[in-house]
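Taking it in order: structure first as structure tokens, then the write-up.
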């Protein structure tokens, strides 16, 4: 899969499940519960003990049925190790050009952390595939509407403080997806399955019916250097129709 295809698939359900745990066993168990509930995009936090082993195990088990990514990627060495472990996408709480370059070197999309318009523009210039708005608790859905009025090519992924009830509001405001942790995964398998089904339905209802996460917007026909859109040397995975 190309980077833009991975990005579209990772965000297709409009929810990215963040898995953190205090052990390998707990993290894999949580991931298994989410996968059985029908969630197809999991971000394994590198703050989890033996996180790379978790990524490798899950990536091998799910094959092409789901996407396993790595979160909390702070630097290029961590990015390289996550890719080697089998991560299909990388998420970072911060904006680091080397993390983006490392992921892109190996065909892996990167979702760096941003919190201001300046950081958003810089991330777009670096070719970020989507933008992790972090912490989302410091903002509100209306902020995304304002940002996208000025920067409609911004594919924002709010993270931090998102709840089952607030997630649809973020999607309705223009977010491409929401990242959620324990608020989504707490409980037994039946409880999580019911919660996930309810959430997915509400997110689909909240989404712009004209949104298209599978295909990026067309390149700028008036810019000879913009063969594939946003970014110095890559197609515009960060620019999705909304």
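Numbering (the numbering used here), first residue to last: 845 to 1086.
No residue lacks a Cβ here, since even glycine has one placed at the ideal position from N, Cα and C.
With H, G and I counted as helix, E and B as strand and the rest as coil, what does DSSP make of residue 1078? Reading the chain shown from its first residue, position 234 is the one you call residue 1078. Unreliable positioning characterises residue 1078 in this predicted model, as indicated by a pLDDT of 43, which lies under 50. The coordinate reading is nonetheless provided below. In the structure shown, residue 1078 sits in coil (DSSP, three-state: anything other than H, G, I, E or B).
As assigned by DSSP and simplified to three states, the class of residue 885: Locating residue 885 in the chain shown gives position 41, counting from the first residue. Of the three classes helix, strand and coil, the one that applies to residue 885 here is strand, per DSSP.
Backbone CA spacing between residue 1060 and residue 953 [nearest angstrom]: Mapped onto the chain shown, residue 1060 falls at position 216. Mapped onto the chain shown, residue 953 falls at position 109. At residue 1060, the pLDDT of 40 sits below 50, so the modelled position is not reliable and the matter cannot be decided from this model.
Please classify residue 853: is it buried, with 16 or more other beta-carbons within 10 angstroms of its beta-carbon, or exposed? Along the chain shown, one-based indexing puts residue 853 at 9. Under this definition residue 853 is a buried residue.
Residue 970 versus residue 942 - alpha carbon distance: Position 126 of the chain shown holds residue 970. Position 98 of the chain shown holds residue 942. Roughly 10 Å between the two C-alpha positions.
Nearest-angstrom Cα separation, counted from residue 863 out to residue 808: Here the chain covers residues 845 to 1086 and nothing more, so residue 808 does not appear.
Curious, which full-length alpha helix (DSSP H) runs of at least 4 residues does the stretch 861-915 contain? Runs found: 868-880, 895-906.
Closest residue to residue 992 among 1008, 979, 1016 (Cα-Cα distance): Residue 992 sits at position 148 when you count from the first residue of the chain shown. The shortest CA-to-CA distance from residue 992 to any of 1008, 979, 1016 is the one to 1016.
Between the stretch 918-932 and the stretch 896-906, are three or more C-beta pairs nearer than 8 Å? Counting Cβ pairs under 8 Å, three or more are found: they touch.
By DSSP's criteria, residue 957 is part of a beta bridge. Which residues make up the other side? For this step, residue 957 is matched to residue 113 along the chain shown. Bridge partners of residue 957: 976.
Assign residue 1007 to one of three DSSP states: helix, strand, or coil. Within the chain shown, numbered from 1, the residue matching residue 1007 stands at position 163. Residue 1007: coil per DSSP, three-state reduction.
Looking only at DSSP bridge pairs, what is residue 1024 linked to? One-based indexing of the chain shown puts residue 1024 at position 180. Its beta-bridge partners are 861.
Please look up how many angstroms separate the CB atoms of residue 861 and residue 1037, rounded, as I've assumed it's under 8 Å. Residue mapping note: residue 861 aligns to position 17 of the chain shown, counting from 1. Residue mapping note: residue 1037 aligns to position 193 of the chain shown, counting from 1. 13 Å between Cβ atoms; not a contact.
Quick one: what's got a C-beta closer than 8 Å to residue 866's C-beta in the same chain, skipping five residues either side? On the chain shown, residue 866 is found 22 positions in, with the first residue counted as 1. Beyond the five residues adjoining it in sequence on each side, residue 866 comes within less than 8 Å, by CB distance, of 892, 893 in the same chain, given in chain order.
Rounded to whole angstroms, what is the Cα-Cα separation between residue 888 and residue 917? The residue you call residue 888 lines up with position 44 of the chain shown. The residue you call residue 917 lines up with position 73 of the chain shown. Taking the CA atoms as reference points, residue 888 sits about 10 Å from residue 917.
Within 10 angstroms of its Cβ, does residue 1048 collect 16 or more other Cβ (buried), or is it exposed? The residue given as residue 1048 occupies position 204 in the chain shown. So residue 1048 ends up on the exposed side.
What three-state label does DSSP hand residue 952 in the structure shown? On the chain shown, residue 952 is found 108 positions in, with the first residue counted as 1. When DSSP states are grouped into helix, strand and coil, residue 952 belongs to the coil group.
Spatial neighbours of residue 1041 in its chain, beta-carbon cut-off 8 Å, leaving aside the 5 residues before and after: Reading the chain shown from its first residue, position 197 is the one you call residue 1041. Within the same chain, residue 1041 has close Cβ partners 881, 882.
On the premise that residue 1005 lies in contact with residue 985, defined as a C-beta separation below 8 Å, what is that separation, rounded to the nearest angstrom? In the chain shown, residue 985 corresponds to position 141, counting from 1. In the chain shown, residue 1005 corresponds to position 161, counting from 1. Their Cβ separation, rounded to whole angstroms, is 12 Å, which puts residue 985 and residue 1005 out of contact at 8 Å.
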